[in-house]
Amino acid sequence: MEDERPALADGEIPAAPPTPPIKIVLYDDQELFGRLHRRWQANTGAWMYRVSVTLWAAVQLGSRQVSEPSDVEFDVPSTHVRPVDGVDYRDVPMRRHREAVIRARTGRRQRGN
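With the sequence shown counted from 1, adding 343 to any position gets you this note's numbering.
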């Protein structure tokens, strides 16, 4: 499949990483939609997803207290997220843990760990 993403022109500043929608499965099996910010790997090799959901928050405006939408970010194990049909996750930042990479390549833990 050919990559359909537009290339950057000389001197063009890359856009902020995308935050595509993703389904989040809560501990009691409820599902809600959130935004995926990045994926990262723990030293155990397990993958975590940094996600956010928009909830209500109380905000003080002068002498008035009002409610407004507020994003809350948190980490979710990869076993508790589901892709949304038709969404492209290729550009979501991903970071592998150094120890997990070494273990995957050699089958051994680093010395001293």
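Beta carbons are placed, not taken as given, at the ideal position from N, Cα and C, and that holds for glycine.
In this text, all values refer to a predicted model and were calculated from it rather than measured experimentally.
Is it buried or exposed, residue i, if we count other Cβ atoms within 10 angstroms and call 16 or more buried?
i      : result
Tyr392 : buried
Val424 : buried
Excluding the 5 residues preceding and the 5 following residue i in the sequence, name in chain order all residues of the same chain whose CB lies nearer than 6 angstroms to its CB.
i      : result
His380 : Thr362 and Arg393
Val409 : Val402
Gly429 : none
How is residue i classed by DSSP in three states: helix, strand or coil?
i      : result
Met344 : Confidence at Met344 is low in this model, with a pLDDT of 47, below 50, so its placement is unreliable and the value that follows should be read with caution. DSSP places Met344 in coil when its eight states are reduced to three.
His380 : strand
Ser421 : helix
Glu355 : coil
Arg448 : helix
Measure from the alpha carbon of residue i to the alpha carbon of each residue in the options, then state which is nearest.
i      : options                           : result
Asp418 : Gly429, Gln403, Ile365 and Gly354 : Ile365
Ser413 : Arg441, Asp428 and Arg378         : Arg378
For residue i, which residues from the same chain have a beta carbon less than 8 angstroms from its beta carbon, with the 5 sequence-adjacent residues on both sides left out?
i      : result
Ser421 : Arg382, Ala389, Trp390, Met391 and Tyr392
Trp369 : It should be noted that the sequence gives Leu, not Trp, for residue 369. Hits under 8 angstroms: Leu375 and His423.
Val415 : Ser395, Val396, Thr397 and Leu398
Gly354 : none
Decide yes or no for the touch test of the stretch 382 to 392 against the stretch 430 to 441: beta carbon pairs closer than 8 angstroms, at least 3 of them. The stretch 382 to 392 makes contact with the stretch 430 to 441: 3 or more CB pairs, one atom from each, lie closer than 8 angstroms.
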